[in-house]
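Participant: One structure is given below, represented as structure tokens, and several questions about it will come after.
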Amino acid sequence: MAVSGPVVLVGCGRLGSAILEGWLLTGAVAPADLIVLTPSEKPASEAARARGARINPEPEALRDARAVVIAVKPAMWRTVMPPLLPFLGDQAVILSVMAGVTAPTLAEGLGGWPIGRVMPTTGVSRGRGVASVWAADPAARALGRALFEPMAETVDLPDEGLMDAATAVAGSGAAYVYAFTEALARGGQAAGLDKQTADVLARATLRSAADSMGDDALETLIARIASPGGSTRAGLDALDQDGRLTTALRETVAAAVRRNREMG
Ligand SMILES: NC(=O)c1ccc[n+]([C@@H]2O[C@H](COP(=O)([O-])OP(=O)(O)OC[C@H]3O[C@@H](n4cnc5c(N)ncnc54)[C@H](OP(=O)(O)O)[C@@H]3O)[C@@H](O)[C@H]2O)c1
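Mapping of the sequence shown onto numbering that gives the first Met the number 0: position 227 corresponds to residue 226, and the numbering continues sequentially without gaps.
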């Protein structure tokens, strides 16, 4: 069901456009309830306008806003938000998708509105994103879920401090999977395939594996392919020899968490 009441999207860049496209695709927000604030026209904002959204209306239009989603760069919100605040009513909830800007920092800069944080991936544009939601305020948490669940697999984080870990897994994870795909292709090349064939096979394999993943336990999925004594089992044993895959990914995620914290 669509979130009722106006939803304001502040910023229509890479992520803001993806969110807007996801809302239009899934109907999470009715187009007539969408307000988009963007300094420059974007294909997503124009598509939303064509469906009835209001783009850069007079600030009085924010009075009834149910949610304000901040999707500008972390360096920009302190400039962008203060002029909007006098127009917001008490019913508004502020949701930030900015990486590394904590709720206490936002509260100190924005005042008394309930604040939530959501860390989505740009896959929301196709209704197939991932989103981590955290808010101390239950209404902000519920609204965050209602806005992102239709277009993302959404998890609730029990503690804001886990946002960095969630970002290191879900935000950065696609790049790790692409790096794995690249390495798989190079492995195929080393075994005699030409580069183009190895690339096609590795990419197609990752797509097919993602399609087949469903919700079964990962051990079950592995066991379905890797029969004891078979070639896949031999490959897996080499892949995680002495736990090196597990160690590499633990260190990978830890490094990304550290960097997220440094940037915050
Ligand atoms: N990209 C991702 O995958 C991703 C994932 C998770 C979180 N995030 C977070 O999402 C936020 C946006 O990232 P991004 O990659 O989408 O950056 P981006 O492409 O640079 O988008 C930022 C947008 O903010 C707009 N903006 C600047 N001043 C504004 C104002 N006064 N009012 C309204 N909009 C204004 C810019 O408009 P103009 O284009 O007209 O200058 C720009 O389109 C960041 O805080 C980032 O941490 C991004």
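For every residue, glycine included, the Cβ atom is placed at its ideal position computed from N, Cα and C.
Keep in mind that this is a model prediction, so the values were computed, not measured.
#1: Buried or exposed: where does R243 fall if 16 or more other Cβ atoms within 10 Å of its Cβ makes it buried?
#2: Using the C-alpha atoms, what's the distance from M212 back to V252?
#3: Comparing the CB of T120 with every heavy atom of ligand 1, is any distance shorter than 8 angstroms?
#4: Do the segment 108 to 116 and the segment 23 to 33 meet, that is, are 3 or more Cβ pairs less than 8 angstroms apart?
#5: Considering only residues of the same chain and omitting the five flanking positions on each side of R202, which have a CB-CB separation below 7 angstroms?
#6: Quick check: is any heavy atom of ligand 1 less than 8 angstroms from the C-beta of T78?
#7: Out of V96, T37, V28, state which residue places its alpha-carbon closest to the alpha-carbon of A64.
#8: Taking DSSP as the reference, what is the three-state secondary structure of G51?
#9: Compute the minimum distance between the beta carbon of V6 and the heavy atoms of ligand 1, and state whether it is under 8 angstroms.
#10: Which of the three DSSP states is assigned to M80 in this structure?
#11: One question on the structure: do L94 and A52 come within less than 9 angstroms of each other, judged by their Cβ atoms?
#12: Is the CB-CB distance between V96 and I18 below 9 angstroms?
#13: Can we count A70 as close to ligand 1, meaning its CB is less than 8 angstroms from some heavy atom?
#14: In whole angstroms, give me the CA-to-CA distance for G228 and A222.
#15: How many whole angstroms separate the CB atoms of R144 and V132, which I take to be in contact at a CB cut-off of 8 angstroms?
#16: Just to check my reading of the structure: R48 and I54 have Cβ atoms closer than 8 angstroms, yes? What is that Cβ distance to the nearest angstrom?
#17: Ends of the beta strand (DSSP E) at D32?
#18: Could you have a look at D236 and say whether DSSP puts it in helix, strand or coil?
#19: Restricting to Cα atoms, I'd like to know which of K194, G21, L235, D215 is closest to T264.
#20: Exposed or buried, P5, counting other C-beta atoms within 10 Å across all chains shown (16 or more means buried)?
#21: Can you tell me whether I224 is buried or exposed? The criterion is at least 16 other CB atoms within 10 Å of its CB, across all chains shown.
#22: Quick one, are the C-beta atoms of M150 and L156 less than 9 angstroms apart?
#23: From this set, L205, R232, S207, A254, which residue's C-alpha is nearest E218's C-alpha?
#24: So is A184 buried or exposed if we call it buried at 16+ other beta carbons inside 10 Å?
#25: What are the start and end residues of each continuous beta strand (DSSP E) run of 3 or more residues lying completely inside the segment 114 to 154, in chain order?
#26: I think V92 touches L142, with their Cβ atoms under 8 angstroms apart; what is that distance to the nearest whole Å?
#27: Tell me whether A203 sits in a helix, a strand or coil according to DSSP, three-state version.
Facilitator: Let me spell this out:
#1: Exposed is the label assigned to R243, since fewer than 16 other Cβ atoms lie within 10 Å of its Cβ.
#2: V252 and M212 have their C-alpha atoms spaced approximately 22 angstroms apart.
#3: Yes; taking the cut-off as 8 angstroms, the Cβ of T120 has a heavy atom of ligand 1 nearer than that.
#4: Too few Cβ pairs lie closer than 8 angstroms, so no.
#5: The answer, listed in chain order, is T180.
#6: At least one heavy atom of ligand 1 sits closer than 8 angstroms to the Cβ of T78.
#7: Taking the Cα of A64 as reference, the smallest distance to any Cα among V96, T37, V28 is reached at V28.
#8: Coil at G51, not helix or strand.
#9: V6 Cβ: outside cutoff for every heavy atom of ligand 1.
#10: Collapsing the DSSP output to three states places M80 in coil.
#11: Pairing L94 with A52 gives a Cβ-Cβ distance that is not under 9 angstroms.
#12: Going by beta carbons, V96 and I18 fall inside the 9 angstroms limit.
#13: It does: the Cβ of A70 is within 8 angstroms (strictly closer) of some heavy atom of ligand 1.
#14: Rounded to whole angstroms, G228 and A222 show a C-alpha spacing of 12 angstroms.
#15: The Cβ separation is near 6 angstroms, so the contact holds.
#16: Rounded, the Cβ-Cβ distance is 5 angstroms, consistent with contact.
#17: The continuous stretches of beta strand (DSSP E) do not include D32, and DSSP gives it neither H nor E.
#18: In this structure, D236 counts as helix in the three-state DSSP scheme.
#19: For residue 264 there is no data in the structure shown, the boundaries of the chain being 0 and 263.
#20: That one is buried.
#21: Burial call: exposed.
#22: Cβ distance not < 9 angstroms, so M150 and L156 don't count as in contact.
#23: Among L205, R232, S207, A254, the Cα nearest to that of E218 is on R232.
#24: Buried is the call here.
#25: Within the segment 114 to 154, the complete beta strand (DSSP E) runs of at least 3 residues are 114 to 119, 128 to 134.
#26: Taking C-beta atoms under 8 angstroms as the contact rule, V92 and L142 qualify, at a distance of about 5 angstroms.
#27: Residue state, collapsed to three classes: helix.
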